[in-house]
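Asks: Got a structure for you, written out below as C-alpha cells; questions coming shortly.
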Amino acid sequence: MKNFSVDKAMYIVVVLLAFTTPLSTAAASISVGLGVAFVLFYRWRMKVFPPFDVNVLEVVAVYLVCQFFVAAMSWDPKISFRELFGEFHRFFPLIFAMTFIKKREQLCGVLIASLAAFLINDVTGVVQYFFLDETRAFGLNHTPTFYGSFMLMQMPFLIFMSQLKILPRAVRGLSIFTAGLSLICLVLSMTRGAWLALLCVAVIFFVLEKNYRLIAAKIFAGVAIAFLVVAMLSPQIHERLETMVSTKFQSNTERVLMWQSALEIFADYPITGVGQKMFAKAYNEQYISPEAIERPEVTEGGHTHPHNNLLNEAAEGGTVGLAAFIGLYAYFFWKFFQQFKHEKNLAFSAGLTAILILAGLQLEGLTDTNMTQVPIMREFWLLAGTLMAAENILRKSDS
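Heads up: the sequence shown at position 194 corresponds to 250 in the working numbering, and the numbers run straight through without jumps.
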C-alpha cells in the first residue's frame, strides 16, 4: 500500500474509460466506479480531495442544483431523481481526465486508447453494413443515431491526433485513416441529422481556422464529391437524402408534431416542466397530437423524447432546466474558445477540436435528443476533459 499511487491508478482509469466508453456502457460504468473509489481513497489517505478545477466544479454544481429543483417538482420525483443521479456520474470522465492527465506520455496513452476503440467501433459498423446486411450501421453503440453522434465526436478528435507531433508517425497515419473510416461510418449510419451537423461543423471550421482554409476546402470538396457519388450509386443513401426536405416523410412530420407537443407542455409547465424522464408520460398519455401516427401501441411504448435537445429541456425542465442546460454548454463553448485563442500557433488545436465536437452534438441535437444519452455524454465529457488537459501539456512540449 505504501507504494500505491492514486495518481497512477487514476491515469489507468482514464485510459480504461478512453477504450471502453465507445465500446461498452457496462465496462465504462465499471471504470467510472473504480475512479470514484480511487478518489475516495485519495481523500482518506491525503485528507483532501485531488486538485480538481474549482471553476468547472462550480458550474457543474449550479447546473445540478437547478436540475435537483426540477426533479423535486417532477410529476414523479422518484424517476426524475434517478435520472438526475445518472446525469451526475456522467460528469466524472470530464473531471478525471482534466485532473489526472498530467504528462505528455499520459496524454499519448489516452489518445492511443481512444484511437483503438474508435477503430474497433468503425470496423464493426463497416462489417455490419456490408457483410451482415444491416440497413443502418450502428457499430458497438445502441442505435444508428448514437453511432452518428459518436462519429461526429470521433472525426475532429482523430484529425487533431493526426497532426500531433508528440505521437509516433504510425499513430498519426492510423488516425487520419480512422477519421476517413469514421466518415464512411457516419454515412452508413443513415443519420440525417448527423449529416447536416457535419456540414455545419465544416462551416464553423472555415470561420474559425483562417490559416488552413485552402487545404481544408480541398479536403471537404473531395469528401463532398465522394459522398455525392456514393449517394448516386446507393439507392438507400439517395432515398435518405431525398427525405431530408420532404414534407410528407413520416419521420419528419412526426417530429414536427412532437415539437409542437413539447411547446404545449412547456406552456402548461413553464417554470420547472414535468420533470426528468417525464416527457414520455406527458406526450404519450396527454399531449400527443390527434394527427400523430406513431403512437404507444405502434412504437413499443411511444416516443420518449421530442427529438430536440432544447425542446426536451423546455418540456421536462421548464425555464429552470432550459436555462441550466444553455448556461452549462455556453460556459464550455466559452472555455473551449478561450483555449482556442491561446493555441493560435497550433494547427487544428485542442480548443478548436473541442468546439467542433460540441457544436456537432448540439447541431445534431436540433433533430434528435442526444445530450441525455449516457454513452454519448460520457464520451463527450471524456474527450472534453482530455482536450482541456492537453492545453498545458502541448504548450510545454512546444516551449
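Virtual Cβ for every residue (Gly too), placed ideally from N, Cα, C.
#1: Within the same chain, show all residues whose beta-carbon is closer than 7 Å to that of A74, passing over the 5 residues directly before and after it, in chain order.
#2: Please list the terminal residues of the continuous alpha helix (DSSP H) segment that includes P224.
#3: So, is P107 buried or exposed, given that buried needs 16 or more other C-beta atoms within 10 angstroms?
#4: Express the C-alpha separation of Y385 and K58 in angstroms, rounding to a whole number.
#5: Counting Cβ pairs closer than 8 Å, one from the stretch 341–350 and one from the stretch 391–407, do we hit at least three?
#6: Could you tell me which whole alpha helix (DSSP H) segments of length 4 or greater appear in the stretch 167–233?
#7: Could you give the DSSP three-state label for K58: helix, strand or coil?
#8: Report back the beta-carbon spacing between I157 and L163 to the nearest angstrom; my notes put them in contact at under 8 Å.
#9: Taking only three categories from DSSP, how would you classify E347?
#10: Going by C-alpha to C-alpha distance, which of T328, E320, N448 and T409 sits closest to S130?
#11: Cβ of K274 versus every heavy atom of the ligand HEM: is any distance shorter than 8 Å?
#12: Using only the alpha-carbon positions, how far apart do V104 and F124 sit?
#13: Tell me where the alpha helix (DSSP H) around D324 begins and ends.
#14: Do the stretch 223–239 and the stretch 207–215 meet, that is, are 3 or more Cβ pairs less than 8 Å apart?
#15: Taking 7 Å as the limit between beta carbons, can you name the residues of its chain near V71, skipping five residues before and five after?
#16: When you compare only the Cα positions, how much space is there between M154 and A273?
#17: Can you grab the Cα-Cα spacing for the pair R160 / L417, in whole Å?
#18: Along the chain, where does the alpha helix (DSSP H) containing Q395 start, and where does it finish?
#19: Which whole-angstrom value describes the C-beta separation of G195 and D178, a residue pair presumed to lie in contact below a C-beta threshold of 8 Å?
#20: Whole angstroms are fine: how far does the CA of C122 sit from the CA of L419?
#21: Assign L402 to buried or exposed, taking buried as 16 or more other Cβ atoms, counted over all protein chains shown, within 10 Å of its Cβ.
#22: Answer with buried or exposed for K333, where buried requires no fewer than 16 other C-beta atoms within 10 angstroms of its C-beta.
#23: Which residues mark the beginning and the end of the alpha helix (DSSP H) in which Q332 is found?
#24: First and last residue of the alpha helix (DSSP H) that includes I151?
#25: By the three-class DSSP mapping on this structure, what secondary structure does L414 have?
#26: For T303, count neighbouring Cβ atoms within 10 angstroms of its own Cβ and tell me buried if that reaches 16, exposed if not.
#27: For E33, collect the residues of the same chain with a Cβ closer than 7 Å to its Cβ; drop the 5 residues on either side in sequence, then sort them by chain order.
#28: Nearest to M66 by alpha carbon, out of T76, T77, Y98 and T81?
#29: Compare the Cα-Cα distances from F276 to each of I344, L255 and V263 and report the closest residue.
#30: Measure from the alpha carbon of F187 to the alpha carbon of each residue in M209, T76 and L244, then state which is nearest.
#31: If you measure between the beta carbons of A370 and A338, is that distance less than 9 Å?
#32: Give me, in chain order, the residues of the same chain whose beta-carbon lies closer than 7 Å to that of S87; leave out the 5 immediate sequence neighbours on both sides.
#33: Taking C-beta to C-beta, are Y268 and F404 nearer than 9 Å?
#34: Could you tell me the alpha carbon to alpha carbon distance between T180 and A406, rounded to whole angstroms?
Replies: Well, looking at it:
#1: V166, A169, S170, A173 and L438
#2: That residue, P224, is in no alpha helix (DSSP H); it is neither H nor E in DSSP.
#3: exposed
#4: Any answer about K58 is weak, because its pLDDT of 48 lies below 50 and its placement is not dependable; what the coordinates show is given next. The straight-line gap from Cα to Cα measures roughly 41 Å.
#5: no
#6: 200–218
#7: Note that K58 has pLDDT 48, beneath the 50 cutoff, so the model's placement of it is unreliable and the number below is only indicative. Coil, per DSSP.
#8: 5 Å
#9: coil
#10: T328
#11: With respect to the ligand HEM, the structure offers nothing, as it holds no ligand at all.
#12: 26 Å
#13: Q306 to D324
#14: yes
#15: G165, V166 and A169
#16: 33 Å
#17: 28 Å
#18: N365 to H398
#19: 7 Å
#20: 24 Å
#21: buried
#22: buried
#23: First-last for Q332: undefined, no H or E at that position.
#24: F148 to F156
#25: helix
#26: exposed
#27: This structure cannot speak to residue 33, because the chain is shown only from 57 to 455.
#28: Y98
#29: L255
#30: L244
#31: no
#32: V69, L72, L73 and T76
#33: yes
#34: 28 Å
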